[in-house]
Amino acid sequence: MTPAKEGELLIYAAAEGGIRVLLAGESVWLTQAQIAALYQTTPQNITQHLKAIYAEGELDEAATCKDYLQVRQEGGRTVSRRPKHYSLEAILAVGYRVRSARGTEFRQWATARLSEYLVKGFVLDDERLKGNVGPADHFDELLARIREIRASEARVYQRIREIFTMAVDYREGDPATQRFFAIMQNKVHFAATQLTAAEIIRQRADATKPNMGINTWKGSRVLKQDVGTAKNYLDAREIDTLNRITVMFLDQAEFRAMRRQDIRLADWDGFLDKFLRDTELPVLDNAGKVSRQQALDWAEGQYDAFAERRRLEAEQMAEARYLEDLRAVTDALKHSVSGSASTLPKDEKKRVSPKPGDKA
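Just so you know, we're using the numbering used here here: the sequence shown kicks off at 862 and counts up by one.
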């Protein structure tokens, strides 16, 4: 049996906040691996929940589980398999049981819709009534955001962060998301410099160098807030490498959106590693030798020494300017006195300079 025209089921964080669950098509059948990806958990976890659902009689397995023929290329040969596919009813039933952040979000969404139905007697999908059919608009929105980022004049790191926010499992402020961004940032730094972000700061922050070794900073002079950011120490060639990686991210995001494929945070990690290997750039496979806190402690200590040296240099320059101005004033006074004496009339000069023996 081959599957009917496949529908689409999306669960993603909406830009305006909250969760969106969208269905396109009248029927959706997903494999255990696809359900696991949907709820951001493991296939083994999905297997356990499905077994429990059928064992407890919550759903009829014959009506909600079918074997569909799939033909694919594996290792240069054509392989036919019949993986089990599960209906929308089974997918939703799993959503009420799975223990994951996305599962929790799904239950919150479903509970809100059920509450609305019990109170009002109906549930309306406002976006669908407006003519927004769901997944198609989601991917159109992604494409628009990608093109906006591509045309943006924002700095490279801001563009990379904006790209990551398009992942369906991105949650701002979530510790796992923050750890992911730190890992990706380190990989990008390592590709350009063969150093992690912390190692760049520890190695390049130097109180004896002009501007403490920093190449870019906000304002008119280097401040303490500038010394803990690795990108501030990068040169033009290294920044160019980062820009090329950003373009790769944008291309991958655009291709997937055009093919109506979701993007997850883990996908970005795989895209980056493959791109780096294909372009023969180094791939980071560890956390580095310097911690973030060690780097900050070093940079701030260097800044204190740098700021003290800068203060002393400013005082010396001010003192030198003062002495120079004082000499200029003294010279001007000398010239003024000398000039006044040379312009006196002869009779006045005689009175001013009496001869020896003259009476006063």
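Every residue gets a Cβ at the ideal spot worked out from N, C-alpha and C, and that includes glycine.
Given the structure is predicted, the values throughout are model-derived calculations rather than measurements.
Sorted by chain position, which residues of the same chain lie with C-beta nearer than 8 Å to residue i's C-beta, five sequence neighbours on each side aside?
i, result
"I952", "L870, V889, L891, I896 and L899"
"T1026", "E1033"
"L1233", "Because the chain in this structure spans residues 862 to 1221, residue 1233 falls outside the shown range and cannot be described."
"R968", "G956 and Y957"
"D1134", "K1048 and V1144"
Could you check if residue i is buried or exposed, using at least 16 other CB atoms within 10 Å of its CB as the buried criterion?
i, result
"L1103", "buried"
"E1060", "buried"
"M1178", "exposed"
"R1065", "buried"
"Q893", "buried"
"E966", "buried"
"R1188", "exposed"
"N1047", "buried"
"Y873", "Only weak support exists for where Y873 lies, its pLDDT of 49 falling under 50; the value from the coordinates is given anyway. Label assigned to Y873: buried."
"F1041", "buried"
"G964", "buried"
"K1092", "buried"
"A1160", "buried"
"L1173", "exposed"
"D1123", "buried"
"V959", "buried"
For residue i and residue j, which I take to be in contact (beta-carbon distance under 8 Å), what is that distance rounded to the nearest angstrom?
i, j, result
"V1088", "I1075", "7 Å"
"D1067", "Q1163", "6 Å"
"D1130", "M1045", "7 Å"
"I1021", "F1116", "So it is not a contact: roughly 17 Å between Cβ atoms."
"T1057", "G1149", "3 Å"
Between which two residues does the beta strand (DSSP E) carrying residue i extend?
i, result
"Y840", "With the chain running from 862 to 1221 in the structure shown, residue 840 is simply not present."
"D1146", "Run containing D1146: none; DSSP gives neither H nor E here."
"K1048", "Taken as a continuous stretch (DSSP letters only), K1048 belongs to no beta strand (DSSP E), being part of the alpha helix (DSSP H) at P1036 to T1054."
Would you mind reading off the limits of the alpha helix (DSSP H) that contains residue i?
i, result
"R938", "Element bounds for R938: not the alpha helix (DSSP H) but the beta strand (DSSP E), R938 to R942."
"K1135", "L1126 to D1139"
"M1109", "A1097 to M1119"
"Q1122", "Q1122 -> no alpha helix (DSSP H), and no H or E assigned at all."
"I907", "P904 to A916"
"R1065", "A1058 to R1065"
Please return the same chain residues whose Cβ sits closer than 6 Å to the Cβ of residue i, not counting the five positions on each side in sequence.
i, result
"L1095", "none"
"A1156", "A1059, I1062 and R1063"
"D1030", "Q901, R1125 and L1126"
"I1106", "V1049"
"F1132", "Q1113"
"L841", "Absent from the structure is residue 841, since the part of the chain shown begins at 862 and ends at 1221."
"C926", "K945 and Y947"
"L1142", "A1052"
"Q934", "none"
"E988", "Unreliable placement is indicated for E988, whose pLDDT of 49 sits below 50; no coordinate value is reported for it."
"V1083", "N1072, M1073 and I1075"
"L911", "none"
"E1169", "none"
In the DSSP assignment, what residue or residues form a beta bridge with residue i?
i, result
"E935", "R938"
"L891", "Y947"
"D928", "K945"
CB-CB under 7 Å to residue i, same chain, minus the five flanking residues each way: which ones, in chain order?
i, result
"R1006", "M1027"
"F1167", "A1068 and M1073"
Hey, would you say the C-beta of residue i is under 6 Å away from at least one heavy atom of the ligand MG?
i, result
"G1089", "Only the bare structure without any ligand can be found here, which leaves the ligand MG out of the picture."
Are the C-beta of residue i and some C-beta of chain C separated by less than 7 Å?
i, result
"T1140", "The structure shown contains no chain C, having only a single protein chain."
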